[in-house]
Amino acid sequence: MWNRTYLYNFETGKSVYFHTYDYVVFGITLGLSASIGLFYAIKDRKKKSENEFLLAGRNMSVFPVALSLMSSFISAVTLLGTPAEMYRYNTMYWFIVFGFLISVILSNTIFIPVFYNLGITSVFEYVHLRFGTLVRIICCILYMIMMVIIACFLI
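The working numbering runs 451 ahead of the 1-based position in the sequence shown.
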């Protein structure tokens, strides 16, 4: 057994606070993120269309689009929860990979080509083009109701 020199709140009951270097690293991280956002806000301030904002004018290569999709797919809850799931259920958690692969393959072959060819960004735009505004509004309301019901059951 090794001798630990650091303190954990759950082991000692003492509060552990940020030190100076923690604040420096945290500040640099926030500063870099804010400066990147500010740079692109100033650089692209003349671009006002929805297509340019959501899809970058459809001029991006595969790599940044893949990174964007991956970062939106993997949430903070996933990053925090996966180690706990692996600890609790052992390697059975890896079976979720099969579901992910199936969903990626189906999305890549069914949904993305349709959305790309129609020049739309969401299912609701597709419903609007296919069925009209009233059906789109009804679908949005039903989706929100379902999400609230699911959230209530999960909490």
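C-beta: ideal position from N, C-alpha, C; glycine also.
Excluding the 5 residues flanking it on each side, N559 has no same chain C-beta neighbour closer than 8 Å. Spatial neighbours of R587 in its own chain (CB-CB distance under 7 Å, excluding positions within 5 residues in sequence) are listed in chain order as F575, V578, H579. The C-alpha of M511 lies about 42 Å from the C-alpha of Y468. Between the alpha carbons of C591 and R509 lies a gap of roughly 26 Å. When secondary structure is reduced to three states using DSSP, M511 falls in the coil class, being assigned neither helix nor strand. Annotation: F566 to R581 spans about 12 Å, alpha carbon to alpha carbon. Taken through DSSP and simplified to helix, strand or coil, Y491 comes out as helix.
In the DSSP assignment, I563 falls within the unbroken alpha helix (DSSP H) covering 563-569.
Straight-line spacing of the CA atoms in W545 and L593 works out to 33 Å.
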